[in-house]
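The numbering used here numbers the first residue of the sequence shown as 2 and each following residue consecutively.
Report on one structure; see the data block that follows.
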Amino acid sequence: MNTEDSPTKPATPFEWIGGEARVRALVDRFYDLMDIEPGYHELRVAHGSTLDDARQKLFWFLCGWLGGPSHYEDRFGHPRLRMRHMPFKIGIVERDQWLACMDQAMGETGVPDALRVRLKESFFKTADWMRNTPA
């Protein structure tokens, strides 16, 4: 969705990104990249043997976080991101690989540049807050 050509600005990042189909494409590309790119090895290892559960939960979460349907909260209640991620080692390496993987996925799925910049800032703040190990 090109907001420069649109007569009205999208009300939410969810609308701006293009709705559920575009969020699904972003999440799928994110996990596909995590699975195939050697540069995301530590991040991939942290996710265990399968990505299916994480893939679905991130899709549900991002829909609501971006201002769309509250799929995640409807199923699980408040996200409690930090608490739910405590069992996993999240240090600077994992944070930076998550951010790089998401940025690559946003670029490859055509997230509009202005939205991509906004999301990168928000993702960094959240990812940095999620760290539970110093390195």
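We put the beta carbon where it would ideally sit given N, CA and C, even for glycine.
All values reported here derive from a predicted model rather than from experimental measurement.
Worksheet item: Can you list, in chain order, the residues of its chain whose CB lies under 6 angstroms from that of residue 41, leaving out five sequence neighbours each side?
Response: Reading the sequence shown from its first residue, position 40 is the one you call residue 41. The answer, listed in chain order, is 35, 98 and 102.
Practice prompt. Write down the C-beta distance between residue 18 and residue 82 rounded to the nearest angstrom, noting that I regard them as a contact closer than 8 angstroms.
Written response: Here residue 18 refers to the residue found at position 17 of the sequence shown. Here residue 82 refers to the residue found at position 81 of the sequence shown. In fact, because the Cβ distance is near 20 angstroms, the residues do not count as touching under 8 angstroms.
Worksheet entry | Three-state secondary structure assigned by DSSP to residue 121 | Position 120 of the sequence shown holds residue 121. Note: residue 121 maps to helix in three-state DSSP.
Worksheet item: If you follow the alpha helix (DSSP H) that residue 32 is part of, which residue opens it and which one closes it?
Response: Taking the first residue of the sequence shown as 1, we reach residue 32 at position 31. Its alpha helix (DSSP H) spans residues 21 to 37.
Practice prompt. With DSSP as the reference, label residue 52 as helix, strand or coil.
Written response: The residue labelled residue 52 in the question sits at position 51 within the sequence shown. Coil, per DSSP.
Item to complete: Locate the alpha helix (DSSP H) running through residue 87, then write down its first and last residues.
Response: Here residue 87 is taken as the residue at index 86 of the sequence shown, counted from 1. Segment: none, residue 87 is in no alpha helix (DSSP H) and carries neither H nor E.
Worksheet item: Are the segment 83 to 97 and the segment 21 to 36 in contact at 8 angstroms, needing three or more beta carbon pairs?
Response: no
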